[in-house]
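Novice: Numbering (my numbering), first residue to last: 1127 to 1311. Got a structure here, written out as structure tokens. Questions coming.
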């Protein structure tokens, strides 16, 4: 399996080569949001959404292949019992870049979760609160981020919070889907 840092770099290069306009963290967040909402990977629909997210007319085959691989890997990690799921974020020395990457991941997650929901489901209050928190994190203002040990620690805590929140939301929605069963008309 590719490390998350390498995954970020591979996605960044693929997006750049295609002429796309999205941050790899946002793309991963989007993917995880769609999956957390309970949607299964759908090549045609995902390709449409990917083109829109990347501001491309058509998604090149190589980038689409990378995206579908990312979706499959993300789904395996989210489903895994080993809690191996990790956010795909840049591994930059600059705290501002890493903070912005987390904000982009959160923005992508909310976008994906919004379009991935098949039906309006009431989430547990903890998941509702987590979605609100993810929304607040997505609004990060880089002008107020400074290099400091305290800010480094807070960023690590936020990354872990978002990681666990995404896992919990995914688990909750998937749990509801498995107990509901198919709808009979």
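Beta carbons are placed, not taken as given, at the ideal position from N, Cα and C, and that holds for glycine.
1. CB-CB under 7 Å to residue 1317, same chain, minus the five flanking residues each way: which ones, in chain order?
2. Buried or exposed for residue 1291, please, with buried defined as at least 16 other CB atoms from any protein chain shown within 10 angstroms of its CB.
3. Roughly how many angstroms lie between the CA atoms of residue 1241 and residue 1170, to the nearest whole one?
4. Of the choices 1195, 1238, 1205, whose alpha-carbon is the least far from that of residue 1178?
5. Can you check which of these residues, 1281, 1216, 1210, is closest to residue 1133 by C-alpha distance?
6. Roughly how many whole angstroms lie between the Cα atoms of residue 1312 and residue 1227?
7. Determine, using beta-carbon pairs with one atom in the region 1196–1203 and one in the region 1247–1266, whether at least three such pairs fall under 8 Å.
8. Can residue 1162 and residue 1295 be called in contact, C-beta distance under 7 Å?
9. Considering only residues of the region 1186–1223, which uninterrupted alpha helix (DSSP H) runs meet the minimum length of 4 residues and lie entirely inside it, listed in chain order?
10. Nearest by alpha-carbon distance to residue 1146: which of 1197, 1183, 1211 is it?
11. Kindly indicate which three-state DSSP category residue 1288 falls into: helix, strand or coil?
12. Exposed or buried, which one is residue 1285 when buried takes at least 16 other CB atoms within 10 Å?
13. Can you grab the Cα-Cα spacing for the pair residue 1198 / residue 1165, in whole Å?
14. Does the beta-carbon of residue 1155 have 16 or more other beta-carbons within 10 angstroms, so that it is buried, or is it exposed?
15. Taking Cβ to Cβ, would you say residue 1144 is nearer than 7 Å to residue 1189?
Specialist: In short:
1. Beyond the ends of the chain as shown, which are 1127 and 1311, falls residue 1317; an answer cannot be given.
2. Residue 1291 sits at position 165 when you count from the first residue of the chain shown. Looking at its Cβ environment, which holds 16 or more other Cβ atoms inside 10 Å, residue 1291 is buried.
3. Working through the chain shown from its first residue, we reach residue 1241 at position 115. Working through the chain shown from its first residue, we reach residue 1170 at position 44. Taking the straight line joining both Cα atoms gives about 14 Å.
4. Numbered from its first residue, the chain shown carries residue 1178 at position 52. For the residues 1195, 1238, 1205, the minimum Cα distance to residue 1178 belongs to 1238.
5. The count along the chain shown starts at 1 and reaches residue 1133 at position 7. With distances taken between Cα atoms, residue 1133 lies closest to 1216.
6. With the chain running from 1127 to 1311 in the structure shown, residue 1312 is simply not present.
7. Result no; under three Cβ-Cβ pairs closer than 8 Å.
8. Here the question's residue 1162 lines up with position 36 in the chain shown. Here the question's residue 1295 lines up with position 169 in the chain shown. In this structure, residue 1295 lies closer than 7 Å to residue 1162 by Cβ.
9. 1187–1205
10. Your numbering for residue 1146 matches position 20 in the chain shown. Minimum Cα distance to residue 1146 is reached at 1183.
11. Taking the first residue of the chain shown as 1, we reach residue 1288 at position 162. Helix at residue 1288.
12. Indexing the chain shown from 1 puts residue 1285 at position 159. Buried, by the Cβ-count rule.
13. Numbered from its first residue, the chain shown carries residue 1198 at position 72. Numbered from its first residue, the chain shown carries residue 1165 at position 39. Cα to Cα, residue 1198 sits roughly 12 Å from residue 1165.
14. Walking along the chain shown from the start, residue 1155 turns up at place 29. When all chains shown are included, residue 1155 counts as buried.
15. Against the chain shown, residue 1144 aligns to sequence position 18. Against the chain shown, residue 1189 aligns to sequence position 63. Result yes, Cβ atoms of residue 1144 and residue 1189 sit closer than 7 Å.
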